[in-house]
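Counting from 1 along the sequence shown, just add 317 to a position and that's the residue number in my numbering. Working notes, beginning with the structure itself.
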Amino acid sequence: MNVHAIRAIYRFEMARTFRTLMESILSPVLSTSLYFIVFGAAIGSRMGHVDGVGYGAFIIPGLVMLSLLNESVSNASFGIYLPKWSGTIYELLSAPVSTSEILLGYVGAAATKSLMLGTLILVTARFFVPYAIVHPFWMGCFLVLTTLSFSLFGFIVGVWADSFQKLQVIPLLILTPLTFLGGAFYSISMLPPLWQKVALFNPVVYLISGMRWSFYGVSDVNVLVSTAAILGFLALCMTLIAWIFRTGYKLKA
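Okay, here's the thing in structure tokens:
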């Protein structure tokens, strides 16, 4: 394995992040802080408890997931699309770098940036609402699995997209609505029985539920089902990427 190539791609992507620190890190943290101010501090103080957890603390796992899903997809998709758009992808493809090394470099950098963002959001939440993490190990596992799987998904989106507009289609039109409807701000047990069944078809429900369980020990679905869901999505993304590299589908500009 060409470790130097992986490190070069990884360092290039991380350097781009620190060059655009305001857009890459500070903007998502500030946006999430507004949710904490409005829903956690202002509205949360009048909402009481949900599943035995104060409302301000209850929404933290959902807000973390909202940021992680969008940022993981955006970072990975933009990372691989930019060389396609600029034409430098040909230099990468002609270099002695395998497809797995390209994947490790781009996805590793995107996942690292998302983990940094998730950590900053958790630290920021301390300034607004008190919270505890009942299962810190499993919380870390859900963070890593989520950032890794959605960074892989973002890589697929970047390969599929042929314009900057298409890069925003998945995060804006699919991921954000699914997250808002996936129990980020409420428990699906609060919904009417029919809509509870409908909500179970939303895959993000299982991610948020698993993350909330790791924080407070309460969840809308069994934590084993949540774990199986994220592992299944990870396996699906890896299968799609294997097909992309085997066929060369739209990898070139």
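We put the CB at the ideal spot given by N, CA and C, even for glycine. Just so you know, these numbers come straight off a predicted model, no measurement behind them.
Between the C-alpha atoms of residue i and residue j, what's the straight-line distance to the nearest angstrom?
i	j	result
T429	I473	18 Å
V542	I491	22 Å
I354	T416	44 Å
M331	A325	10 Å
F518	S389	22 Å
W455	S531	6 Å
F395	L465	16 Å
G527	T544	7 Å
G471	L462	14 Å
How is the alpha helix (DSSP H) around residue i delimited, first residue to last?
i	result
T441	T416 to A442
L557	V540 to T564
V320	V320 to R336
A516	P510 to A516
L409	I406 to S411
N519	Run containing N519: none; DSSP gives neither H nor E here.
S344	S344 to Y352
Where does residue i fall in DSSP's three states?
i	result
H366	strand
G500	coil
G371	strand
I450	coil
F470	helix
F459	helix
S389	helix
Figure out for me which residue from the options has the closest Cα to the Cα of residue i.
i	options	result
V476	V521, Y423 and T436	Y423
V263	S504, G527 and L380	As displayed, the chain neither begins before 318 nor continues past 570, which places residue 263 out of reach and without an answer.
L386	L460, F481 and F532	L460
L399	L484, G500 and A545	L484
L347	T441, L420, A427 and L421	T441
W402	Q482, H452, P509 and N319	Q482
L380	A552, L548 and F502	F502
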